[in-house]
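These notes concern the structure reproduced below.
Numbering (our numbering), first residue to last: 30 to 253.
In structure tokens form, the structure reads like this:
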């Protein structure tokens, strides 16, 4: 259940789908759909004018460049969490978007409740580790995609445990209880760890952890 007000923006060029999604989300307490538009190229201008927490966006519009669009949004609005909502399952493209620090991926074949769970997770500073998110990370590992970090950095036991708890989708508050730290100390530990490894996001931490087997490395059935 959502416990705080969450402002959402929806960007999709299919009018009926976009408006249906807006009506669905608006029917849930504390979710405010502040923006709903088909204009993906100029969305950053609107995001600057509103206090948006989560952006739902289909970046696979034939008139847009997914990479450039996400880069521009992250540069101008770094605090907004981006959820890609699409039917596209190209693993190369999805992996590239994770590299740009999107917060997660929701397939349009998923249940509506999955989208609500994703919004709840992101609003509580958790990752949303659904099946597709996990498969993309393992796909990166299996295909030996480079990890943009200093691989010679050694982590202490507390730092490794923090990453494991993030993999388990724990919030900062939950991690603080488990590590006997204040929430502020957990936030600082996360930020210090990113700087230590030279990554920009929690996804970057998880990629590093997979490459170093800090979190389980297993085979999975990748989507083709």
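Glycine residues also receive a C-beta, built at the ideal position from the N, C-alpha and C atoms.
Where the alpha helix (DSSP H) containing residue 201 begins and where it ends
Segment 201-208, the alpha helix (DSSP H) holding residue 201.
Grouping DSSP H, G and I as helix and E and B as strand, with all else coil, what is residue 163?
The answer is helix: DSSP assigns residue 163 an H, G or I state.
Could you tell me which residues DSSP puts in a beta bridge with residue 37?
Bridge pairing for residue 37: 62, 83 [DSSP].
Candidates 87, 40, 101: closest to residue 115 by CA position:
Nearest C-alpha to residue 115: 87.
Is there a C-beta anywhere in chain B that falls below 8 Å from the one on residue 194?
Among the chains in the structure shown there is no chain B, since it carries only a single protein chain.
Using a 10 Å radius around the Cβ and a threshold of 16 neighbouring Cβ atoms, would you call residue 102 buried or exposed?
Within 10 angstroms of the beta-carbon of residue 102 lie 16 or more other beta-carbons, which makes it buried.
Would the beta-carbon of residue 73 fall within 8 Å of that of residue 123?
Contact flag unset, no.
Bounding residues of the alpha helix (DSSP H) (the contiguous stretch that carries residue 51)
Its alpha helix (DSSP H) spans residues 44-55.
Is the beta carbon of residue 50 sitting closer than 8 Å to the one on residue 39?
The answer is yes: Cβ separation under 8 Å.
Would you decide whether residue 113 is buried or exposed? Buried here means 16 or more other CB atoms lie within 10 Å of its CB.
Answer is buried; the Cβ neighbour count reaches 16.
Comparing C-alpha positions only, which one of 138, 96, 108 sits nearest to residue 83?
It is 108.
Report yes if the C-beta distance between residue 195 and residue 144 is below 8 Å; otherwise report no.
Going by C-beta atoms, residue 195 is not nearer than 8 Å to residue 144.
Best match in 71, 205, 141 for proximity to residue 56 [C-alpha to C-alpha]
Distances from the CA of residue 56 to each of 71, 205, 141 were compared; the closest alpha carbon is that of 141.
Span of the beta strand (DSSP E), counted from its first residue to its last, around residue 241:
For residue 241, there is no enclosing beta strand (DSSP E), since its DSSP letter is neither H nor E.
Going by beta-carbon coordinates alone, are residue 239 and residue 166 separated by less than 8 Å?
Yes. Within cutoff.
Is residue 152 helix, strand or coil by DSSP?
If DSSP states are grouped into helix, strand and coil, residue 152 belongs with the helices.
Using a threshold of 8 Å, state whether the C-beta atoms of residue 59 and residue 75 are closer than that.
Cβ distance not < 8 Å, so residue 59 and residue 75 don't count as in contact.
Straight-line CA distance for residue 249 to residue 163?
Confidence at residue 249 is low in this model, with a pLDDT of 44, below 50, so the placement of that residue is unreliable and no value is reported for it.
Close-in-space but distant-in-sequence residues of the same chain around residue 131 (CB under 6 Å, 5 per side omitted)
Correct list, in chain order: 111, 113.
Provide the residue(s) that pair with residue 110 in DSSP beta bridges, ordered along the chain.
Partner(s): 83.
Quick one: Cα of residue 244 to Cα of residue 237, how far?
Take the alpha-carbon of residue 244 and the one of residue 237: they are about 9 Å apart.
Pick from 53, 159, 219, 68 that is closest to residue 187, judged by C-alpha positions
Nearest option by C-alpha distance: 219.
Three-state secondary structure (DSSP) of residue 233
In the three-state DSSP reduction, residue 233 falls in the helix class (H, G or I).
Exposure of residue 182, with buried meaning 16 or more beta-carbon neighbours within 10 Å:
That one is exposed.
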